[in-house]
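For reference, the structure is listed below as structure tokens.
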Amino acid sequence: MTAVIVVALDQWTKQIAVTELEYRIPIMVTSWFDWMLTYNTGAAFSFLADAGGWQRWFLTSIAVAVSAFIVVWLFRLTPADRGLVLPLGLILGGGMGNLIDRVLLGHVVDFISLHYEHRYWPAFNLADSAITLGAGWWLIDAFWGRTSPSREAPVS
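Its first residue numbered 49, the sequence shown is counted upward by one per residue in the working numbering.
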């Protein structure tokens, strides 16, 4: 359910951005936050953006494989690991939101721009935020989360 909500919100906000914003023309919200429509043909931080087009299907294949892995993982969670449902749902939903863009448009729609003075963070979207939040949550759970039976040290 988390993934479905993330995909719906992501696609809805991207549609608003595409219809209401002009390409690469920032609209200042605060001194450090702008709305700015951009298109990313690469991965995070525009990695492979200028690769000539082959990256579209390469990145699509990776997204499909990772999404399938997460779905299988979700179905195999033990009751003790149910706390991973939300972070994995965030990662899955974010990945699917960007996958939809990549397949249908050939690029990912980004529209959130953060900056400090003249230093800009790469533009991003709600799907990217969901992936980051989910991955961070998963890492925190993996390193500092509760101890489940599968994580307990064996008794000697």
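C-beta: ideal position from N, C-alpha, C; glycine also. This one's a predicted model, so the numbers in the text were calculated from it and none came from an experiment.
Does the distance from the C-beta atom of residue i to that of residue j stay below 8 Å?
| i | j | result |
| --- | --- | --- |
| Ala65 | Met144 | no |
| Trp80 | Tyr168 | no |
| Ile118 | Gly142 | no |
| Leu147 | Thr86 | no |
Report the option in the options whose CA atom is closest to the CA atom of residue i.
| i | options | result |
| --- | --- | --- |
| Trp105 | Val120, Val119, Ala116, Thr89 | Thr89 |
| Phe172 | Ala183, Ala113, Phe159 | Phe159 |
| Ile53 | Leu85, Pro127, Leu134 | Leu134 |
| Leu138 | Ala175, Arg130, Gln103, Leu187 | Ala175 |
| His155 | Lys62, Ala56, Arg130 | Lys62 |
| Ala56 | Leu140, Ile188, Trp185 | Leu140 |
| Met49 | Leu122, Gly193, Asp82 | Leu122 |
| Thr67 | Val77, Met76, Met84 | Met84 |
Measure the alpha-carbon distance for residue i versus residue j and round it to whole angstroms.
| i | j | result |
| --- | --- | --- |
| Ile73 | Trp60 | 20 Å |
| Val157 | Val120 | 28 Å |
| Gln103 | Asp149 | 14 Å |
| Val151 | Ala128 | 36 Å |
So residue i is in the beta strand (DSSP E); what residue range does that whole segment cover?
| i | result |
| --- | --- |
| Thr78 | 75 to 78 |
| Asn88 | 81 to 88 |
| Leu69 | Here Leu69 belongs to no beta strand (DSSP E), and DSSP marks it neither H nor E. |
| Leu162 | 156 to 164 |
What is the residue span of the alpha helix (DSSP H) that residue i lies within?
| i | result |
| --- | --- |
| Leu153 | 133 to 153 |
| Phe172 | Phe172 -> no alpha helix (DSSP H), and no H or E assigned at all. |
| Leu125 | Leu125 -> no alpha helix (DSSP H), and no H or E assigned at all. |
Assuming residue i and residue j are in contact, meaning their beta carbons sit under 8 Å apart, how far apart are those beta carbons, in whole angstroms?
| i | j | result |
| --- | --- | --- |
| Leu132 | Asp189 | 7 Å |
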